[in-house]
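2 protein chains.
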Amino acid sequence: MAPALRYPVRAVPLAFLGAIAVATAVLMLPASRAGEGHAPFLTALFTATSAVCVTGLNVTDTPEYWSTFGHVVITVATQIGGYGIMTLSMLLALLVSQRLRLRNRLLLQAESSGLSLGNVRLLLIRGALIILVCETLIALVLTGRLWGAYDYPPGRALWYGVFHAVQAFNNCGFAIFDNSLTGFVGDWWICLPITLGVIGGSIGFPVIFELQRQWRQPSRWSVQTRLTVGGSITLLVVGFVAMLAIEWTNVRTFGPLNVPTKVLAAFVQGAMPRSGGFNSVDYSLMHDETIAITIGLMFVGGGSASTAGGIKVTTFFLLAFVIWAEIRGEPDVVIGRRRIPTATQRQAITIALIGVAIAVMGTLLLLTFTRGLRFHWALFEVVSAFATAGLSSGVTGDLPAAGQVTLIVLMYVGRLGTILAASAIALNTRHRLYRYPEERPIVG
Amino acid sequence: MAPALRYPVRAVPLAFLGAIAVATAVLMLPASRAGEGHAPFLTALFTATSAVCVTGLNVTDTPEYWSTFGHVVITVATQIGGYGIMTLSMLLALLVSQRLRLRNRLLLQAESSGLSLGNVRLLLIRGALIILVCETLIALVLTGRLWGAYDYPPGRALWYGVFHAVQAFNNCGFAIFDNSLTGFVGDWWICLPITLGVIGGSIGFPVIFELQRQWRQPSRWSVQTRLTVGGSITLLVVGFVAMLAIEWTNVRTFGPLNVPTKVLAAFVQGAMPRSGGFNSVDYSLMHDETIAITIGLMFVGGGSASTAGGIKVTTFFLLAFVIWAEIRGEPDVVIGRRRIPTATQRQAITIALIGVAIAVMGTLLLLTFTRGLRFHWALFEVVSAFATAGLSSGVTGDLPAAGQVTLIVLMYVGRLGTILAASAIALNTRHRLYRYPEERPIVG
Ligand SMILES: [K+]
Ligand SMILES: [K+]
């Protein structure tokens, strides 16, 4: 790897470790806890990791266990983690792209990511402004609704509005309502802004910046933007339709709801795997098919350089295009009149298969540490942690210490691993002076 | 695709359909059934498909439900299916390789598969001889043991020896003992020949022929043989160690067994996912971690052009080498001083990801058709059918008709799909007169 890039690739995980350490220490102060004494180390570490890695899994009842000061700490940790991951992964991607462009400058590539490192400061400020505007809008709608329809006093309504707006846009998923959003399952003014915030945060700065510039000319969109927008819409539709089709008659979930509420609940629950961690219906009561689809959606996750996790929408749909080209016998993988380099295809495969391996290993570890845990809830919890989705069947708090440590490691690795692996792999290219002769084993 | 190859690629699935139809019809005769009347269509179709596709899943109690004539029908169907799949997939692979070599003859490739289509008849006879020798050896050991140690009359001992020898070497898994091999969990003379037969059948003719020629010179082995031998040993060790480590103290499985029996049982149960369908310990009583590992082993399966199923050992370990090269930043994927063509890498990825997609879709279908079935047993059953492994938690017979049809389709698609897809993909190459400019989206 180029020496100039080793530093950022190493600095990012250290910065996140530092933020987690500080948040853990502050959450261990007696002031952070609502009850007597202070939070135990593991509880504070889990909550801090979950907040900084914008996951939203929790081992405590968030509204009951932490004081208002604790909730402020969670908010700050979430905002730092979310802003950090969005900006740092964007900068890393730009560094990589700039570096590759310099190396290949004689090849006259038509790179059209549209962004450059020219003015890093401007990028950081633009990013912060976008976050501020989006979160303010969400907070205003929530505050107005809680004040107007639920008789919250104005100050409390504002605080609840701000707290959940930050959680939503950063794709974290802590809630200080009782039982996440289940009390508001039919309330469009609560569920819709939070869900739209989650979707907005899951797009990522490179695509947002490009859409700001040319959202009216889809024909000029980069591959990045095409895959992210098309892929996200596809996954939202899949989630929505699956929820409606499978849960419609489930008496423990959607069954008792009226039709408009069913539609809203399907939209919310179908979008949350993108990777917000809220729920307005209890996932643990859903059918196994819905859980299986939700696990798949969480694994794919959101856009690159966003607050969402998973292997990323671009990675997943790029692989779909690779397979499609292979089936049709096309020599090149072409997306919107642009050819995808073989190196990028191999990166996508590597990221996806490493993701599968981590999910499998994590599930085996969690099952080993937690006898009696059902297989699909272990898988659900592990993919939720790895993809920093934050959805849970409710077992997180009951896991033994080793199980909680497994999830902590998965959240950290899932948050930083795919981004850093992608950068490191893209930069780490050796050159050989000789090549071996070809041989073609039988596959399949 | 070349017109000369369209015919075999289409003829193979039709031949299997024909064999399944005939076996179904014969199994529906009253003479095939032990009890009154004749077997219902779906039961006969399931059993015929399971035998011809050398899976071994069953919806009936094989020793009780079918007459001796029925058992003979199952034996013949298994042998035709096993011989058919070994020879046809070898011939298809040779056709593909010859075709590619003709197309690329100016490239002076160092293809060293060591086989050619020169004398198809000789290949077919050699294959039949190998099967005959291996099955005779297994049958002799089993017969001697059943006669000597279990007081079976000689005729009955011989018939039981032949039946299970055919089932073992063809990687099918029907048993006419009560409850598969569970009555012989500590008997090395029964368990070992059957398990070695399963392993032998899972290697495949191309590798067996090459080993016959030069098993003493591993340095001259082809990539095919290196991947198959090294990969199979790796998977056998993984299965063995996982069984011992996880089940050692499980009071419902290995716990009550003495140490040598534990070792034998771990070897048998660890090797069966390769894809024999026997068991000497009940998989349904094992820990969830063991089941998860077994599902993974079944999904990978055995060697190409063998009686084993799955995505194949070569495909899986080829992908591991691709990822390893990617992580090290190597431009080429090199296995034993041979470079793997990009086209072959893409084929392996396509096969693996289509396999994942089929397993996921199958599991969703089975869960939809069978309310109350636990998620991981649905996955176990589906992967077992797709990989024609034949292991079961015992739920197969209780599935509703739609669930049984799902498994029938999975067995057929799993048996023929990967082989045909690999051939079709390898041959189906288009040429473009223009190429689009490159663009590099962010992945991960
Ligand atoms: K989240
Ligand atoms: K089998």
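Protein sequence lines, in the order shown, are assigned to chains R and B.
Residues in the first sequence are numbered from 12 upward in steps of one, following my numbering.
Residues in the second sequence are numbered from 12 upward in steps of one, following my numbering.
Backbone N, C-alpha and C fix where the C-beta goes; we use that ideal spot for every residue, glycine too.
Would you say R/Ala45 and R/Tyr76 are within 8 Å of each other, going by their C-beta atoms?
What you label residue 45 of chain R is simply residue 34 of the first sequence in a count that begins at 1. What you label residue 76 of chain R is simply residue 65 of the first sequence in a count that begins at 1. In this structure, R/Tyr76 lies closer than 8 Å to R/Ala45 by Cβ.
Report task. Since I believe B/Gly312 is in contact with B/Leu68 (beta carbons under 8 Å), could you give me their beta-carbon distance rounded to a whole number of angstroms? Result -> The residue you call residue 68 of chain B lines up with position 57 of the second sequence. The residue you call residue 312 of chain B lines up with position 301 of the second sequence. The pair is not a contact, with the Cβ atoms about 15 Å apart (cut-off 8 Å).
Does DSSP put B/Trp77 in a helix, in a strand, or in coil?
If you number the second sequence from 1, residue 77 of chain B lands on position 66. B/Trp77: strand per DSSP, three-state reduction.
Neighbourhood of ligand 2 [Cβ distance below 6 Å to any heavy atom], ordered by chain position
B/Val65, B/Thr66, B/Gly67, B/Asn182, B/Cys183, B/Gly184, B/Ser286, B/Gly287, B/Gly288, B/Thr399, B/Ala400, B/Gly401
| request: Indicate, with yes or no, if ligand 4 has a heavy atom lying under 7 Å from the CB of B/Phe216. | output: Annotation note on ligand 4: not contained in the displayed structure, which lists ligand 1 and ligand 2 as its ligands.
Decide if R/Glu450 is buried, meaning its Cβ has at least 16 other Cβ atoms within 10 Å, or exposed.
-> Translated into the one-based positions of the first sequence, residue 450 of chain R becomes position 439. R/Glu450 comes out buried.
Discussion item. Against chain R, with Cβ distances strictly below 8 Å, would B/Gly266 count as a contact?
Written reply: What you label residue 266 of chain B is simply residue 255 of the second sequence in a count that begins at 1. So no, B/Gly266 is outside the interface.
Can you give me, in chain order, the residues of the segment 311-333 of chain B that have a beta carbon less than 8 Å from any beta carbon in chain R?
Ser315, Ala316, Ile322, Lys323, Thr325, Thr326, Leu329, Leu330, Val333
Next on the checklist: Here's the rule: buried if 16 or more other CB atoms are within 10 angstroms of the residue's CB, otherwise exposed. What is R/Pro284?
Outcome noted: Here residue 284 of chain R corresponds to residue number 273 of the first sequence, with the count starting at 1. R/Pro284 is buried by the Cβ-count criterion.
> Going along chain B, which residues have a C-beta under 8 Å from R/Leu378?
Replying inline: Residue numbering aside, residue 378 of chain R sits at position 367 when the first sequence is read from its first letter. Chain B residues near R/Leu378: His298, Asp299, Glu300, Ala303.
**Q.** Interface partners of B/Gln235 on chain R, CB under 7 Å
**A.** On the second sequence, residue 235 of chain B is found 224 positions in, with the first residue counted as 1. Within chain R, the residues near B/Gln235 are Pro452, Ile453.
Notebook entry, point to check: Exposed or buried, which one is B/Ala30 when buried takes at least 16 other CB atoms within 10 Å?
Noted result: On the second sequence, residue 30 of chain B is found 19 positions in, with the first residue counted as 1. B/Ala30 comes out buried.
> If you count every other CB in all the chains shown that lies within 10 Å of the CB of R/Leu140, and 16 or more means buried, which is it?
Replying inline: As a first step, residue 140 of chain R is located in the first sequence; it is residue number 129 there, counting from the start. Exposed.
- prompt: Is there a Cβ from chain R that is less than 8 Å from the Cβ of B/Leu364?
  reply: Taking the first residue of the second sequence as position 1, residue 364 of chain B is located at position 353. Yes, its Cβ sits closer than 8 Å to a Cβ of chain R.
Margin query: Using only the alpha-carbon positions, how far apart do R/Phe397 and B/Met372 sit?
Written below: As a working mapping, residue 397 of chain R is identified with position 386 in the first sequence. As a working mapping, residue 372 of chain B is identified with position 361 in the second sequence. Computed Cα separation, rounded: 23 Å.
- Query: Mind checking whether R/Val218 and R/Thr239 have CB atoms under 8 Å apart?
  - Reply: For the purposes of this step, residue 218 of chain R is taken as the residue at position 207 of the first sequence. For the purposes of this step, residue 239 of chain R is taken as the residue at position 228 of the first sequence. Yes, these two residues count as a Cβ contact at 8 Å.
B/Thr193 versus B/Ser291, B/Trp200, B/Gly215, residue with shortest Cα-Cα distance: What you label residue 193 of chain B is simply residue 182 of the second sequence in a count that begins at 1. For B/Thr193, the nearest C-alpha among the options comes from B/Ser291.
Would R/Ile436 pass as an interface residue toward chain B - the criterion being a Cβ-Cβ separation below 8 Å?
The residue given as residue 436 of chain R occupies position 425 in the first sequence. Taking Cβ atoms only, chain B reaches closer than 8 Å to R/Ile436, which makes this a yes.
Any Cβ of chain R within less than 8 Å of the Cβ of B/Glu122?
Numbered from 1 along the second sequence, position 111 holds the residue referred to as residue 122 of chain B. Per-residue confidence for B/Glu122 stands at a pLDDT of 43, beneath the threshold of 50, marking its modelled position as unreliable; the derived number appears in the next sentence. So, interface residue.
Next item on the list: Please classify B/Arg258: is it buried, with 16 or more other beta-carbons within 10 angstroms of its beta-carbon, or exposed?
Entry: Position 247 of the second sequence, counted from the first residue, corresponds to residue 258 of chain B. A small correction: the amino acid at residue 258 of chain B is Glu; Arg does not occupy that position in the sequence shown. Its Cβ being crowded by 16 or more others within 10 Å, B/Glu258 is buried.
State buried or exposed for R/Leu25, treating a residue as buried only when at least 16 other CB atoms are found within 10 Å of its CB. Taking the first residue of the first sequence as 1, we reach residue 25 of chain R at position 14. Exposed, since its Cβ has fewer than 16 Cβ neighbours within 10 Å.
message: Does B/Val345 come out as helix, strand or coil in the three-state DSSP assignment?
response: Mapped onto the second sequence, residue 345 of chain B falls at position 334. DSSP places B/Val345 in strand when its eight states are reduced to three.
Margin query: Distance check for R/Ser213 and B/Met12, CA to CA, integer angstroms please.
Written below: In the second sequence, the residue the question calls residue 12 of chain B occupies position 1. In the first sequence, the residue the question calls residue 213 of chain R occupies position 202. Confidence at B/Met12 is low in this model, with a pLDDT of 47, below 50, so the placement of that residue should be treated as unreliable; the coordinate-derived value is given next. Taking the straight line joining both Cα atoms gives about 42 Å.
May I ask which residues mark the beginning and end of the alpha helix (DSSP H) holding B/Tyr171? The count along the second sequence starts at 1 and reaches residue 171 of chain B at position 160. Start and end: 165-180.
- Message: Using a Cβ-Cβ distance cut-off of 8 Å, determine whether B/Val345 contacts chain R.
- Response: Indexing the second sequence from 1 puts residue 345 of chain B at position 334. Yes - at least one Cβ of chain R is within 8 Å of the one on B/Val345.
Margin query: Determine, for R/Gly125, whether the minimum Cβ-Cβ distance to residues of chain B falls below 8 Å.
Written below: Taking the first sequence and counting its residues from 1, the one referred to as residue 125 of chain R is at position 114. Its pLDDT being 49, under 50, R/Gly125 is placed unreliably in this model, and the value from its coordinates should be taken loosely. No, because no Cβ of chain B sits closer than 8 Å to the Cβ of R/Gly125.
- Message: Need the endpoints of the alpha helix (DSSP H) that B/Ala319 sits in, please.
- Response: Walking along the second sequence from the start, residue 319 of chain B turns up at place 308. Counting along the chain, B/Ala319 falls outside any alpha helix (DSSP H), and DSSP gives it neither H nor E.
Quiz prompt | Closest residue to R/Ala256 among B/Leu375, B/Gln90, B/Gly383 (Cα-Cα distance) | solution = The residue given as residue 256 of chain R occupies position 245 in the first sequence. Closest by alpha carbon: B/Leu375.
Selection from B/Arg132, B/Thr71, B/Gln109, B/Gly81 that minimises the alpha carbon distance to B/Thr98: Mapped onto the second sequence, residue 98 of chain B falls at position 87. Of the listed residues, the one whose Cα sits closest to B/Thr98 is B/Arg132.
### Query
Is the shortest distance between the beta-carbon of B/Ile461 and the beta-carbons of chain R less than 8 Å?
Residue 461 of chain B lies beyond the stretch modelled for chain B, which goes from 12 to 455, so this question has no answer here.
What residue from R/Thr318, R/Thr407, R/Thr272, R/Asp343 has the CA that sits closest to R/Gly425's CA? Numbered from its first residue, the first sequence carries residue 425 of chain R at position 414. Cα-wise, what sits closest to R/Gly425 is R/Thr318.
I need the boundaries of the alpha helix (DSSP H) containing B/Gly242, first residue and last residue. In the second sequence, the residue the question calls residue 242 of chain B occupies position 231. Where B/Gly242 is concerned, the enclosing alpha helix (DSSP H) stretches over 234-258.
Would R/Ser108 pass as an interface residue toward chain B - the criterion being a Cβ-Cβ separation below 8 Å? Residue mapping note: residue 108 of chain R aligns to position 97 of the first sequence, counting from 1. Closer than 8 Å: yes.
- Task: Measure the C-alpha to C-alpha separation of R/Asn130 and R/Val20 and round it to an integer number of angstroms.
- Result: Along the first sequence, one-based indexing puts residue 130 of chain R at 119. Along the first sequence, one-based indexing puts residue 20 of chain R at 9. Each residue's Cα considered, the two are about 20 Å apart.
**Within 8 Å, strictly: CB atoms of B/Ala34 and B/Val83** = Here the question's residue 34 of chain B lines up with position 23 in the second sequence. Here the question's residue 83 of chain B lines up with position 72 in the second sequence. Contact: no.
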